[in-house]
Structure formats: C-alpha cells, structure tokens
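Asker:
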Amino acid sequence: MLPIPAEELNGSGTLGPYWTFYRAVVAEQLTRWLPDEPSVILDLSGGRGRWSGQAARAGHRVIELVDFRRTASLSSSLAAPLTADPQARLRDAGRVRHVRADDLTFLPDESVDAVVAEERAMSIELMAESAMDDVARVLRPGGRALVCVDSLVLGMAILAEQEQWQHLRQTGEVMLVPWPDGSITRCFSSGQLRELLTGAGLEVEWVRPRTVLSPSTVDHVLGSDARALAWLVRTELDAHPDDDDTVGIHLVASARKV
C-alpha cells in the first residue's frame with residue numbers, strides 16, 4: 006500500500022492539507038538552508054517549483070534551468086551569451102534568469118555559490134552520478150547543494166501497487182520504477198544518496214526524510230485548527246531523523262564542496 010495514494014503524488018487527489026504542509030516544509034527548509042549573504046544560486050528543479058522565486062526574494066541571483074534532463078533534446082539557446090564573460094554576466098543578470106539546457110556545460114567551473122535540486126530532480130535525472138559531478142564542478146569551494154530524491158519507500162510502494170513483487174527485494178541495487186504515465190523515477194536509500202554526493206567529491210552535511218509526519222496526522226491536526234500549520238512545520242524541521250529511510254516518500258540531503 007502506498008504511503009500516499011498514487012493519485013495524490015502530484016497533488017491531484019484529496020490530500021490538500023498534506024500538500025499545503027509539505028510545500029510549507031520545503032519553503033521553510035530552504036529559508037534555513039540558503040546562504041546568509043547575497044549569492045549566485047543554480048536551481049535545477051526544472052522550472053517545476055517555486056524555489057527560484059523564494060531565493061530571489063531573499064536577495065540572491067538565480068539561474069533556473071527550465072529542464073535538467075540529459076536525455077531531453079533541448080537547445081541551450083540562452084546559454085551561449087554567458088560564455089563570453091560568464092562571471093560578469095552572472096553578476097549583472099536579473100534576479101532570476103531562465104536557461105533552457107540539457108546539461109551544465111554553459112557554466113564555468115566554480116561559478117555558483119549554491120545549487121538547489123528540488124522537485125525530485127535527481128530522481129528524474131537517471132544519470133544522476135554524471136549530473137552530480139557537474140554540480141560539484143560548478144560549485145565554488147565552500148558552496149553547498151540541496152538535493153531531493155524519491156525514496157526506496159516510495160519506489161517499493163509503487164512496485165507493490167503494480168504487483169511487481171519480484172523487484173521488491175532488490176533494494177541493494179539501483180531501483181528504477183515505472184510510473185503510470187510512462188515516466189521512470191530512480192529511488193534512493195539514504196546510503197545510496199550519500200554515495201551519490203560523496204562520489205562527486207562533496208561532503209555530506211545531513212540526509213533526512215523530507216517529512217516524517219503522516220498525511221493522516223497532518224490532516225487531523227489542520228482539520229482541528231488551521232492555525233497549527235506553522236507549529237507542524239516547526240515540529241517537522243526540529244526533528245532529527247537523520248539517515249532514516251524507512252519513512253517518507255522523499256529524501257533530502259545537504260552537501261558541501263570542500
């Protein structure tokens with residue numbers, strides 16, 4: 006049985022209160038994670054999220070890739086102008102600059118202060134190791150990456166719903182899970198997510214489930230008092246279930262380039 010019903014995973018079902026809570030958790034986590042000083046942020050969330058705008062409102066300059074999938078046949082039309090004088094153009098860009106590209110070759114080495122890969126970006130990007138190598142390359146020393154991926158809990162639940170029982174024991178290997186819409190997601194254990202980051206030469210700061218509170222708990226609390234949202238978010242983020250990949254549909258990690 007799915008931890009969240011399949012129709013709910015894109016927010017199209019009835020768990021509106023839970024997804025309100027989930028987005029509030031992501032927003033508050035990003036607020037706590039973003040650099041204190043104005044910085045250049047690379048957003049690899051594929052244009053599917055609202056996180057570039059949040060970073061820009063916090064005073065940062067943001068380069069947002071509209072689609073970050075190496076398998077997509079996308080042009081890098083907006084990337085070319087950056088190559089003449091990349092550093093100056095990054096400094097002079099607007100708060101959010103949208104770039105349509107299928108890799109990070111348009112960015113020079115050590116050119117950004119932080120990378121945000123929300124919206125399951127590294128699970129949708131099946132060649133995640135190569136993508137993470139690129140992330141490490143463009144990060145400045147001391148720069149950080151925030152990465153969200155689908156968890157093994159989610160992957161096994163989807164396989165169980167599809168009655169693909171033969172695959173449920175293969176948790177030590179890369180787990181690629183077909184979705185009903187024909188897309189493929191790569192699911193990670195906390196150990197595999199750590200390996201992805203350390204394999205790119207990054208130092209892992211922490212790995213944790215995105216949320217540990219269940220949809221039923223969130224729905225019950227918010228149904229009793231809608232003002233409890235801020236309290237629920239604080240409760241979630243003040244918990245420390247590091248490396249606990251037995252709960253939650255997504256894992257999130259923070260890593261630093263030393």
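Numbering (our numbering), first residue to last: 6 to 263. Positions of the beta carbon are idealized from the N, C-alpha and C atoms, including for glycine.
1. Which residues in the same chain have their Cβ closer than 6 Å to the Cβ of L95, if we skip the five residues on either side of it in sequence?
2. For R215, collect the residues of the same chain with a Cβ closer than 6 Å to its Cβ; drop the 5 residues on either side in sequence, then sort them by chain order.
3. Quick check on V30: buried or exposed, where buried means 16 or more other Cβ atoms within 10 Å of its Cβ?
4. So, helix, strand or coil for P220, using DSSP?
5. Would you call the CB atoms of I68 and V104 closer than 7 Å?
6. Put H225 into one of helix, strand or coil per three-state DSSP.
7. In this structure, does DSSP put L256 in helix, strand or coil?
8. Look at the alpha carbon of R145 and the alpha carbon of F111, and state the distance between them as a whole number of angstroms.
9. Flag H103 as yes when its Cβ comes closer than 6 Å to any non-hydrogen atom of the ligand FAD, and as no otherwise.
10. Just to check my reading of the structure: V154 and R125 have Cβ atoms closer than 8 Å, yes? What is that Cβ distance to the nearest angstrom?
11. In the DSSP assignment, what residue or residues form a beta bridge with S180?
12. Does the beta-carbon distance from S57 to V101 come in below 7 Å?
13. Could you tell me which whole beta strand (DSSP E) segments of length 3 or greater appear in the segment 109-154?
14. So L35 and V117 are in contact, right, with Cβ under 8 Å, and what is the actual spacing, rounded?
15. Counting only the same chain and skipping the five closest in sequence on each side, list residues whose C-beta sits under 7 Å from that of A205.
16. Looking only at its own chain, which residues have a Cβ that is under 6 Å from the Cβ of L181, when we skip the five neighbours before and after it?
17. Take Q59 and list the residues in its own chain whose beta-carbon comes closer than 7 Å to its own, dropping the five residues that flank it on each side.
18. Could you compute how far the alpha carbon of S156 sits from the alpha carbon of G21?
19. With a Cβ-Cβ cutoff of 7 Å, do L70 and A122 count as a contact?
20. Could you tell me whether the Cβ atoms of P246 and Y23 are closer together than 7 Å?
21. When the Cα atoms are used, what is the spatial distance from R232 to L109?
22. Can you give the Cα-Cα distance for G148 and P40, rounded to whole angstroms?
23. Rounded to the nearest angstrom, what separates L198 and P185 at their Cα positions?
24. Exposed or buried, D225, counting other C-beta atoms within 10 Å across all chains shown (16 or more means buried)?
25. Nearest-angstrom Cα distance between D90 and Q167?
26. Leaving out five residues on either side along the sequence, give the residues of the same chain with a beta carbon under 6 Å from the beta carbon of W38.
Answerer: In terms of the structure at hand:
1. On the sequence shown, residue 95 is found 90 positions in, with the first residue counted as 1. Residue confidence is low: L95 scores 48 on pLDDT, short of 50, so the model does not pin down where it sits. Its coordinate-derived value is still stated next. Cβ within range, chain order: V45.
2. Numbered from 1 along the sequence shown, position 210 holds the residue referred to as residue 215. So the list reads G253, H255, V257, once near-sequence residues are dropped.
3. Indexing the sequence shown from 1 puts residue 30 at position 25. That one is buried.
4. The count along the sequence shown starts at 1 and reaches residue 220 at position 215. In the displayed model, P220 falls within a helix according to three-state DSSP.
5. Within the sequence shown, the letter at position 63 stands for residue 68. Within the sequence shown, the letter at position 99 stands for residue 104. Contact: yes.
6. Residue 225 sits at position 220 when you count from the first residue of the sequence shown. In the structure shown, the three-state DSSP call for H225 is helix.
7. Translated into the one-based positions of the sequence shown, residue 256 becomes position 251. Three-state DSSP puts L256 in a strand.
8. Counted from its first residue, the sequence shown places residue 145 at position 140. Counted from its first residue, the sequence shown places residue 111 at position 106. Note on geometry: alpha-carbon atoms of R145 and F111 lie some 16 Å from one another.
9. Although the ligand FAD was asked about, the structure shown includes no ligands whatsoever.
10. Translated into the one-based positions of the sequence shown, residue 154 becomes position 149. Translated into the one-based positions of the sequence shown, residue 125 becomes position 120. A Cβ-Cβ distance of about 6 Å is found for the pair V154 and R125, placing them in contact under the 8 Å criterion.
11. Sequence index remark: in the sequence shown, residue 180 carries index 175 (1-based). For the record, residue 180 in the displayed sequence is Met; it is not Ser. Looking at the DSSP output, M180 bridges to C192.
12. Counting from 1 along the sequence shown, the entry for residue 57 is found at position 52. Counting from 1 along the sequence shown, the entry for residue 101 is found at position 96. Result yes, Cβ atoms of S57 and V101 sit closer than 7 Å.
13. The qualifying runs are 117-122.
14. Residue numbering aside, residue 35 sits at position 30 when the sequence shown is read from its first letter. Residue numbering aside, residue 117 sits at position 112 when the sequence shown is read from its first letter. Not quite, the Cβ-Cβ distance comes to about 16 Å (not below 8 Å), so this is no contact.
15. The sequence position of residue 205 within the sequence shown is 200, counting from 1. Closer than 7 Å at the Cβ level, and outside the excluded window around A205, lie M137, D138, V140, A141.
16. Residue numbering aside, residue 181 sits at position 176 when the sequence shown is read from its first letter. Here the set comprises I189, R191.
17. As a working note, residue 59 is residue 54 in the sequence shown. Within the same chain, Q59 has close Cβ partners A32, L35.
18. For the purposes of this step, residue 156 is identified with residue 151 of the sequence shown, where counting begins at 1. For the purposes of this step, residue 21 is identified with residue 16 of the sequence shown, where counting begins at 1. Put simply, the backbone Cα of S156 is about 21 Å away from that of G21.
19. Here residue 70 is taken as the residue at index 65 of the sequence shown, counted from 1. Here residue 122 is taken as the residue at index 117 of the sequence shown, counted from 1. 7 Å or more divides the Cβ of L70 from the Cβ of A122.
20. The residue labelled residue 246 in the question sits at position 241 within the sequence shown. The residue labelled residue 23 in the question sits at position 18 within the sequence shown. Cβ atoms of P246 and Y23: not closer than 7 Å.
21. Counting from one through the sequence shown, the residue named residue 232 turns up at place 227. Counting from one through the sequence shown, the residue named residue 109 turns up at place 104. Taking the straight line joining both Cα atoms gives about 42 Å.
22. Taking the first residue of the sequence shown as 1, we reach residue 148 at position 143. Taking the first residue of the sequence shown as 1, we reach residue 40 at position 35. Roughly 9 Å separates the two Cα atoms.
23. Counted from its first residue, the sequence shown places residue 198 at position 193. Counted from its first residue, the sequence shown places residue 185 at position 180. A direct Cα-Cα distance of roughly 25 Å separates L198 from P185.
24. In the sequence shown, counting from the first residue as 1, residue 225 sits at position 220. Just to set this straight, residue 225 is His in the shown sequence, not Asp. When all chains shown are included, H225 counts as exposed.
25. The residue you call residue 90 lines up with position 85 of the sequence shown. The residue you call residue 167 lines up with position 162 of the sequence shown. Reliability of the predicted coordinates at D90 is poor, the pLDDT of 44 falling under 50, and no value is obtained from them.
26. On the sequence shown, residue 38 is found 33 positions in, with the first residue counted as 1. Contacts found: L151.
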